Amino acid sequence: MGWSIALHGGAGDIPYSLPPERRAPREAALRQCLAIGVAALKASRPPLDVVELVVRELENCPHFNAGKGSVLTTDGTVEMEACIMDGNTQKCGAVSGLSTVVNAISLARLVMEKTPHIYLAFDGAEAFAREQGVETVDANHFITPENVERLKQAKEANRVQIDYTQPVKEDKPQETSSGKGDSQIG
Amino acid sequence: TVGCVAVDGSGNLAAATSTGGLVNKMVGRIGDTPVIGAGTYANSFCAVSATGKGESIIRATIARDVAALMEYKGLSLREAAAYVVNNVPRGNVGLVAVSAKGEVTMPFNTRGMFRACATEDGYSEIGIWPSE
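Which chain is which? The protein sequence lines are W and C, in order.
If you're matching positions, the first sequence starts at 1 in the working numbering and goes up one per residue.
If you're matching positions, the second sequence starts at 1001 in the working numbering and goes up one per residue.
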């Protein structure tokens, strides 16, 4: 038995035709985050520190749907959520409805360590963030052109969808995974 | 959604997940990520971080079910995770998980999942689609 680590950047209807300029930065980000996690484990950091460290890196990457790359609500705003759990103590912390906190996962950890609760949401979570002095920015920091476009497509298709859903093109049948999956989910 | 699970050489486990949710979601909608036992869970058997359609993941209590199958049925991490993922409608879920013994698994029933893993005995993987 030795150390192990696994991370993800989201699952969905990721098209096989993902162009290289969109695939390469995501694979590079996965490789970089894996290296950070492996180095922390090799340095005997506790797993709770390791998972927080890696998820912070993934939150700071605009290519994945968390933190900087968060997708948008129907109002064009961001409402981020995160959760962290320690296997030994089964202590855990969760947050929802964040719109200004740079790293939601770190606020979730503070809920676990600094409050008698497990889960804080919306105004209460934002107020706790201010009280704890975690890094906050203007809500516009999280809004990327890519996600504005994604919201536009979803509204046109009148769909609520996961980040990787292919736009419906009039002249070209959609690359569907019907029979292999539900193309409603991306 | 993004997530990470880790186990150290002594079998200590932890899980973490973070997300912006669904595109075009209603304001105030809560997904699976912050719901303990749905999108994120860890105990002394395993640590799990799930991703996909939150409503399906909550209904199936994905993360806790993986741990419960290991605890109550004695399944391995790989068997437990495969069983849980295969019992959710196709196209809805993926997860990453590690066990106290250092096992790692990354099953998904969507077309793809951005994923990466490494173990102390030298195995590592970075992928998007199943065939890789």
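Heads up, the beta-carbon is just placed ideally off N, CA and C, and yes, glycines get one too.
Small disclaimer: the values here were computed from a predicted structure and weren't measured.
Checklist entry - Among residues of its own chain, excluding the 5 on either side of serine 1099 of chain C, which ones have a beta-carbon nearer than 6 Å to its beta-carbon? => result In the second sequence, the residue the question calls residue 1099 of chain C occupies position 99. The residues are Cys1046, Leu1077.
Next on the checklist: Run through the DSSP bridge pairs and tell me what leucine 53 of chain W is partnered with.
Outcome noted: Along the first sequence, one-based indexing puts residue 53 of chain W at 53. Leucine 53 of chain W is not bridged to any residue.
Item to check | Opening and closing residue of the beta strand (DSSP E) in which serine 44 of chain W lies | outcome: On the first sequence, position 44 is the one that residue 44 of chain W refers to. Counting along the chain, serine 44 of chain W falls outside any beta strand (DSSP E), and DSSP gives it neither H nor E.
Next on the checklist: For isoleucine 1128 of chain C, report the span of its beta strand (DSSP E) as first-last.
Outcome noted: Taking the second sequence and counting its residues from 1, one reaches residue 1128 of chain C at position 128. Careful: isoleucine 1128 of chain C lies outside any beta strand (DSSP E) and carries neither H nor E.
Item to check | Below-7 Å beta-carbon distance, serine 70 of chain W vs any chain C residue | outcome: Here residue 70 of chain W corresponds to residue number 70 of the first sequence, with the count starting at 1. Closer than 7 Å to some Cβ of chain C, the Cβ of serine 70 of chain W qualifies, so yes.
Checklist entry - Is the shortest distance between the beta-carbon of glutamine 98 of chain W and the beta-carbons of chain C less than 7 Å? => result In the first sequence, the residue the question calls residue 98 of chain W occupies position 98. A small correction: the amino acid at residue 98 of chain W is leucine; glutamine does not occupy that position in the sequence shown. No, leucine 98 of chain W lies away from the interface with chain C (no Cβ there is under 7 Å from its Cβ).
Item to check | proline 145 of chain W, buried or exposed, once every other Cβ within 10 Å from all chains shown has been counted against 16 | outcome: Counting from one through the first sequence, the residue named residue 145 of chain W turns up at place 145. Exposed, by the Cβ-count rule.
Item to check | Among W:Phe122, W:His117, W:Ser99, the one whose alpha carbon lies nearest that of phenylalanine 138 of chain W | outcome: Indexing the first sequence from 1 puts residue 138 of chain W at position 138. What sits at residue 138 of chain W in the sequence shown is aspartate, not phenylalanine. Between aspartate 138 of chain W and the set W:Phe122, W:His117, W:Ser99, the nearest pair of CA atoms involves W:Ser99.
Checklist entry - So, using beta-carbon positions, are alanine 1014 of chain C and proline 47 of chain W closer together than 7 Å? => result To locate residue 1014 of chain C, count along the second sequence from 1; it is residue 14. To locate residue 47 of chain W, count along the first sequence from 1; it is residue 47. Cβ distance < 7 Å, so alanine 1014 of chain C and proline 47 of chain W count as in contact.
Item to check | Inter-stretch contact at 8 Å, needing at least 3 Cβ pairs: the region 31-43 of chain W / the region 101-118 of chain W | outcome: The answer is no - the region 101-118 of chain W does not touch the region 31-43 of chain W, with fewer than three Cβ pairs under 8 Å.
Item to check | Coarse secondary structure for valine 1048 of chain C, derived from DSSP in three states | outcome: As a first step, residue 1048 of chain C must be located in the second sequence, where it is residue number 48. Of the three classes helix, strand and coil, the one that applies to valine 1048 of chain C here is strand, per DSSP.
Checklist entry - Would DSSP call leucine 1077 of chain C helix, strand or coil? => result Taking the first residue of the second sequence as position 1, residue 1077 of chain C is located at position 77. DSSP places leucine 1077 of chain C in helix when its eight states are reduced to three.
Item to check | Identified DSSP bridge partners for isoleucine 1030 of chain C | outcome: For the purposes of this step, residue 1030 of chain C is taken as residue 30 along the second sequence, with counting starting at 1. In the DSSP output, where bridge partners are listed per residue, isoleucine 1030 of chain C has none listed.
Item to check | Cutoff 8 Å; reference glycine 995 of chain C; Cβ partners in own chain excluding five residues on either side | outcome: In the structure displayed, chain C extends from 1001 to 1132; residue 995 of chain C sits before or after that span and is not available.
Next on the checklist: Contact defined as beta carbons within less than 8 Å: I believe valine 1066 of chain C pairs with valine 1048 of chain C. What is the distance between those atoms, to the nearest angstrom?
Outcome noted: Counting from one through the second sequence, the residue named residue 1066 of chain C turns up at place 66. Counting from one through the second sequence, the residue named residue 1048 of chain C turns up at place 48. Your pair valine 1066 of chain C and valine 1048 of chain C checks out as a contact, with CB atoms roughly 5 Å apart and the cut at 8 Å.
Item to check | Coil, strand or helix - aspartate 1065 of chain C by DSSP | outcome: In the second sequence, counting from the first residue as 1, residue 1065 of chain C sits at position 65. Note: aspartate 1065 of chain C maps to helix in three-state DSSP.
Next on the checklist: I'd like the list of long-range same chain contacts for methionine 1070 of chain C, defined as Cβ closer than 8 Å, with 5 residues on each side in sequence excluded.
Outcome noted: The residue labelled residue 1070 of chain C in the question sits at position 70 within the second sequence. Around methionine 1070 of chain C, the same chain offers Phe1045, Cys1046, Ser1076, Leu1077, Ala1080, Ser1099 as residues with beta carbons nearer than 8 Å, after the five sequence neighbours per side are excluded.
Checklist entry - By how many angstroms is the C-alpha of aspartate 13 of chain W removed from the C-alpha of valine 188 of chain W? => result No answer is possible for residue 188 of chain W: it lies beyond the span of chain W, which begins at 1 and ends at 186.
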